[in-house]
Amino acid sequence: MKVLKERGEYLERKAWLNRDASVLLFSASILGMFSSLVLPSNVPMKAILFYLSALLILPGGTHLQRYLNYKKGVEGEKLVIEALLDLSDDYYLINDVKLGKGNIDHIVLGPNGV
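The sequence shown begins at -19 in the working numbering and counts up by one.
Written out as structure tokens, the structure reads:
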């Protein structure tokens, strides 16, 4: 199989952005909760800081789940390409064809059609 266009980096970029966001949110949450525990008990913002920090766990979990989903997508794309490479050189592979609001991951052209 001849590859006319290599796969894009979109899914990998989205995966790493969500991974970084989850790490940042979880770290901020832990730091905020720990900071609230070491503040003197007479500081009125102590409870507010603790609860606001705890709330950061929710978006952190959302970004973590998105990261895992994008990572599965990247692995799936690589597996498909690997399987298609076993085809003869009568076939052509075009990866990551961009459309208006999305993309087509793989297009295979061959003697028997698309």
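The C-beta atom is built at its ideal place from N, Cα and C for all residues, glycine as well. This one's a predicted model, so the numbers in the text were calculated from it and none came from an experiment.
- The beta strand (DSSP E) runs of length 3 or more contained entirely in the region -18 to 27 are, from start to end of the chain, -18 to -15.
- L64 is the residue among L64, G82, L79 whose C-alpha sits nearest the C-alpha of V88.
- Residue pairing of H43 in beta bridges, as defined by DSSP: absent, with no partner found.
- Annotation for Y71: no beta strand (DSSP E) segment contains it, and DSSP assigns it neither H nor E.
- Residue nearest to D0 within the set G12, G41, L11 is G41 (criterion: CA-CA distance).
- In this structure, DSSP gives V60 a helical state, which the three-state scheme calls helix.
- Secondary structure of K51 (DSSP, three-state): helix.
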